[in-house]
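Novice: Using full-length UniProt numbering, read the sequence shown as starting at 1 and increasing by one per residue. We put the beta carbon where it would ideally sit given N, CA and C, even for glycine.
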Amino acid sequence: MILLMSSVLKKEVLTSFVFLADLTSYGVKNTKRHPCPYCNYSSSQSSHLKSHVLIHTGERPFHCSLCGRAFTQKSSLKTHMLTHSGTRPYKCLSCGKAFSQKVHLRVHMTTHDAEVE
1 MILLMSSVLK
11 KEVLTSFVFL
21 ADLTSYGVKN
31 TKRHPCPYCN
41 YSSSQSSHLK
51 SHVLIHTGER
61 PFHCSLCGRA
71 FTQKSSLKTH
81 MLTHSGTRPY
91 KCLSCGKAFS
101 QKVHLRVHMT
111 THDAEVE
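Next up, the structure:
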């Protein structure tokens, strides 16, 4: 049994599916859960579980070739590499200061919000 929210009726509908084809026709592609062996976390995608398990093992498989710093995610390494290249694609329109990460620009913008008040 799987509980689905009906977008048409805007109410919960309990539907019994006999075949996987029935699930996919409702947009449900994968109902298998991959449980973490260390905690109660589970994911429908094995790649998400693999990334999660790194929290428990302490493994950091992505290493910076320039300074040796290691990361659990490839995206974190990619962001880190901007610190070595000096690339700062996020520029403040108020003062011209530039940042390597969008989040740093957002935090910086709060300083301009304080100036207005």
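When the Cα of THR83 is compared with those of SER43, CYS67 and ILE55, which residue comes out closest?
Specialist: Nearest of SER43, CYS67 and ILE55 to THR83, Cα basis: CYS67.
Novice: Is SER43 helix, strand or coil when you go by DSSP?
Specialist: Correct three-state label for SER43: strand.
Novice: Measure the C-alpha to C-alpha separation of LYS102 and THR57 and round it to an integer number of angstroms.
Specialist: For LYS102 and THR57, the distance between alpha carbons rounds to 30 Å.
Novice: Output the residue ranges of the alpha helix (DSSP H) runs that lie fully inside the segment 52-112 and measure 4 residues or longer, sorted by chain position.
Specialist: Counting whole runs of 4 or more residues, the segment 52-112 contains the alpha helix (DSSP H) stretches 74-85.
Novice: If you reduce the DSSP assignment to three classes, tell me which class ALA114 lands in.
Specialist: Helix, per DSSP.
Novice: What does a CB cutoff of less than 6 Å around LEU77 pick up in its chain, not counting 5 residues either side in sequence?
Specialist: Excluding sequence neighbours, LEU77 sits near PHE62 and PHE71.
Novice: Could you compute how far the alpha carbon of SER44 sits from the alpha carbon of HIS52?
Specialist: When rounded, the distance between both Cα atoms is 12 Å.
Novice: Could you check the C-alpha separation between ARG106 and SER100 for me, to the nearest Å?
Specialist: For ARG106 and SER100, the distance between alpha carbons rounds to 12 Å.
Novice: Can you check which of these residues, LEU54, ILE55 and MET81, is closest to SER65 by C-alpha distance?
Specialist: If we check each option's Cα against that of SER65, MET81 comes out closest.
Novice: Might you give, ordered along the chain, the residues of its own chain that have their beta carbon closer than 8 Å to the beta carbon of CYS39, omitting 5 neighbours on each side?
Specialist: Cβ neighbours of CYS39 beyond the five flanking positions: HIS56.
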